[in-house]
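In the working numbering, the protein residues as written are 94 to 267.
Right, here's the structure in full:
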């Protein structure tokens, strides 16, 4: 005795939709001529659009995969249209017109920002400042910073984050 087994209609559970179809949509967009970065952006936009405004006929439309393809195709076409409208400028021509030297105002402002950053660094507790300098200025990994300061990696992250916040606050006050 054979039983016909019907799979239930695909759910509009967005997490499962993303897990099941994101790579597939990305490959579809790559075949349509998009580079990896653009395809990834459009794939993400597709899921964001569907999440933000699912189709009105969710109860009757039992093919979310087809809807995802429809949205991604539309976004792909829009992207190609925008790309064709963008005017390209000869870089050599633009370089000849633009003066690469910063203006006097830009130099003064940059120096003032740098001085404000130095002051903000000096205000930090020693360990926080050292963690920031090792990571941001020394190019060390979070793990290296944690090992050097004898703290956990999560604590090293917190120290660096606190330093960033403090510096940004001080520079923004400027």
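Heads up, the beta-carbon is just placed ideally off N, CA and C, and yes, glycines get one too.
- Task: Can you say whether residue 221 is buried or exposed, counting buried as having 16 or more other CB atoms within 10 angstroms of its CB?
- Result: Using a 10 angstroms sphere on the CB of residue 221, the tally of other CB atoms reaches 16 or more, which defines it as buried.
- Task: Look up residue 233 in the DSSP assignment and say whether it is helix, strand or coil.
- Result: Coil.
- Message: Can you list, in chain order, the residues of its chain with a C-beta nearer than 7 Å to that of residue 152? Leave out the 5 residues immediately preceding and following it.
- Response: Legend: pLDDT at residue 152 = 48, less than 50; position of this residue unreliable, no value from coordinates given.
- Query: Taking the C-alpha atoms as reference points, what is the distance between residue 212 and residue 258?
  - Reply: Approximately 14 Å, taken between the alpha carbons.
- When you compare only the Cα positions, how much space is there between residue 197 and residue 263? Distance between the alpha carbons of residue 197 and residue 263: 23 Å.
- Query: Which class does residue 146 belong to by DSSP, given the choice of helix, strand or coil?
  - Reply: In this structure, residue 146 counts as coil in the three-state DSSP scheme.
- Message: For residue 110, which residues in the same chain have their Cβ closer than 6 Å to its Cβ, ignoring the five residues on either side in sequence?
- Response: 157.
- Item | Backbone secondary structure at residue 211 - three-state DSSP | Three-state DSSP puts residue 211 in a helix.
- The alpha helix (DSSP H) enclosing residue 157, as first and last residue numbers: Secondary structure note for residue 157: its alpha helix (DSSP H) is the uninterrupted segment 157-178.
- Task: Could you tell me whether the Cβ atoms of residue 169 and residue 135 are closer together than 7 Å?
- Result: Residue 169 places its beta carbon less than 7 Å from that of residue 135.
- Task: To the nearest angstrom, report how far apart residue 120 and residue 145 are at their CA atoms.
- Result: Distance from the CA atom of residue 120 to the CA atom of residue 145, rounded to whole angstroms, is 23 Å.
- Task: Quick one: grab the DSSP three-state call for residue 221.
- Result: Three-state DSSP puts residue 221 in a helix.
- Hey, out of 261, 162 and 246, whose CA is closest to residue 117's CA? Ranking 261, 162 and 246 by Cα distance to residue 117 puts 162 first.
- For residue 249 versus residue 238, is the C-beta distance shorter than 7 Å? For the 7 Å CB-CB criterion, residue 249 and residue 238 form a contact.
- Query: So what does DSSP say about residue 256, is it helix, strand or coil?
  - Reply: In the structure shown, residue 256 sits in a helix (DSSP, three-state: H, G or I).
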